[in-house]
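A short worksheet on the structure shown next.
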Amino acid sequence: MTADAKPKRVRADAERSSARIIEAAEQVLAVDPNATLEQIADAAGLTRITVHRRFSSRQALLEALNERFNERYLLALEQARVKTAPPLVALHRLTEIIFEFKLSHRSALVRFADPQTGGAVLAQGVVDGLDLLFSRLRAAESITAADPSWCRQVYVALLCEVERLPPQAPIEEGRAAEVGARTDLLTRTVLGALGGDCEALHR
């Protein structure tokens with residue numbers, strides 16, 4: 001093995017370990033937000049020392065999880081085409097994408113990422129994307145609320161509440177029906193709260 005190859009392999013091993021830790025942390029903390037680093041290490045199949053080598057503290061791990069949360073939100077905003085799609089369509093699609101992920105991964109990032117506020121810290125790119133969406137909804141007269149930052153806060157708060165609700169569709173109908181039911185509930189509720197026409201979604 002060459003001198004250059006060894007550092008590359010070490011970096012690759014470190015990246016794989018970090019990914020395993022983050023995946024394990026997301027699963028463990030979704031069940032128990034107070035889980036210890038030892039419990040996360042066990043779930044990842046790694047030693048506590050390895051976890052501490054990658055993340056110096058529990059807070060550092062939570063910050064890494066928060067970063068992953070924001071990456072998913074940014075991707076969802078891109079996939080929903082919040083800049084170009086009709087704003088009502090973009091709102092519905094964004095909400096659908098978020099619930100598709102949450103129900104398949106049972107992620108609790110939105111609940112535990114920031115212990116001070118009880119929710120995730122949104123990256124500026126996510127804030128800008130959501131504010132743009134609500135500004136476009138206002139311009140299209142789909143809502144009457146004028147402050148996009150207020151609209152964003154209402155959306156995120158209601159998203160958390162709808163996520164916590166018991167199943168909204170019969171279990172036998174599957175996850176797609178559950179995603180649809182929660183998406184419809186959230187978008188209707190948000191539009192109603194922001195002075196919009198709930199029925200406009202289905203016109």
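Per full-length UniProt numbering, the very first residue in the sequence shown carries number 1; after that it's consecutive.
Beta carbons are placed, not taken as given, at the ideal position from N, Cα and C, and that holds for glycine.
Any heavy atom of the ligand SAM closer than 7 Å to the CB of residue 28?
Ligands are entirely absent from the displayed structure, and the ligand SAM is therefore not among its contents.
Sorted by chain position, which residues of the same chain lie with C-beta nearer than 7 Å to residue 185's C-beta, five sequence neighbours on each side aside?
By one-based count along the sequence shown, residue 185 stands at place 185. Taken in chain order, the residues that qualify are 162 and 168.
Contained alpha helix (DSSP H) runs [length at least 4] in the UniProt DNA-binding region "H-T-H motif" (36-55), N- to C-terminal order
37-44 and 48-54
Spatially closest choice to residue 88 from 171, 36 and 139, by CA coordinates
Position 88 of the sequence shown, counted from the start, is the residue given in the question as residue 88. The option with the nearest alpha carbon to residue 88 is 139.
Taking 8 Å as the threshold (C-beta atoms), are residue 48 and residue 38 in contact?
Taking the first residue of the sequence shown as 1, we reach residue 38 at position 38. Taking the first residue of the sequence shown as 1, we reach residue 48 at position 48. It is a contact, given that the beta carbons lie within the stated cut-off.
Report, in whole angstroms, the separation of the C-beta atoms of residue 131 and residue 149, which I expect to be a contact under 8 Å.
Within the sequence shown, numbered from 1, the residue matching residue 131 stands at position 131. Within the sequence shown, numbered from 1, the residue matching residue 149 stands at position 149. That pair is a contact at about 6 Å.
Measure from the alpha carbon of residue 134 to the alpha carbon of each residue in 175, 90 and 97, then state which is nearest.
Numbered from its first residue, the sequence shown carries residue 134 at position 134. Closest option to residue 134, Cα to Cα, is 90.
Would residue 25 and residue 54 be called neighbours here (beta carbons separated by less than 8 Å)?
Stepping through the sequence shown from its first residue, residue 25 is reached at position 25. Stepping through the sequence shown from its first residue, residue 54 is reached at position 54. No, the pair does not count as a contact, with Cβ atoms beyond the cut-off.
Classification of residue 146 by the beta-carbon crowding that lies within 10 angstroms, buried from 16 upward
Position 146 of the sequence shown, counted from the start, is the residue given in the question as residue 146. Taking all protein chains in view, the Cβ of residue 146 is surrounded by fewer than 16 other Cβ atoms within 10 Å, so the residue is classified as exposed.
Every unbroken beta strand (DSSP E) inside the segment 65-112 [3 residues or more]
none
Roughly how many angstroms lie between the CA atoms of residue 95 and residue 170, to the nearest whole one?
On the sequence shown, residue 95 is found 95 positions in, with the first residue counted as 1. On the sequence shown, residue 170 is found 170 positions in, with the first residue counted as 1. Going by the C-alpha atoms only, they are around 20 Å apart.
Rounded straight-line distance, which links the Cα of residue 59 to that of residue 35
Counted from its first residue, the sequence shown places residue 35 at position 35. Counted from its first residue, the sequence shown places residue 59 at position 59. Answer to the nearest angstrom: the Cα atoms are 12 Å apart.
Please say whether residue 98 and residue 79 have beta carbons closer to each other than 8 Å?
Taking the sequence shown and counting its residues from 1, the one referred to as residue 79 is at position 79. Taking the sequence shown and counting its residues from 1, the one referred to as residue 98 is at position 98. No, the Cβ-Cβ distance between residue 79 and residue 98 is not below 8 Å.
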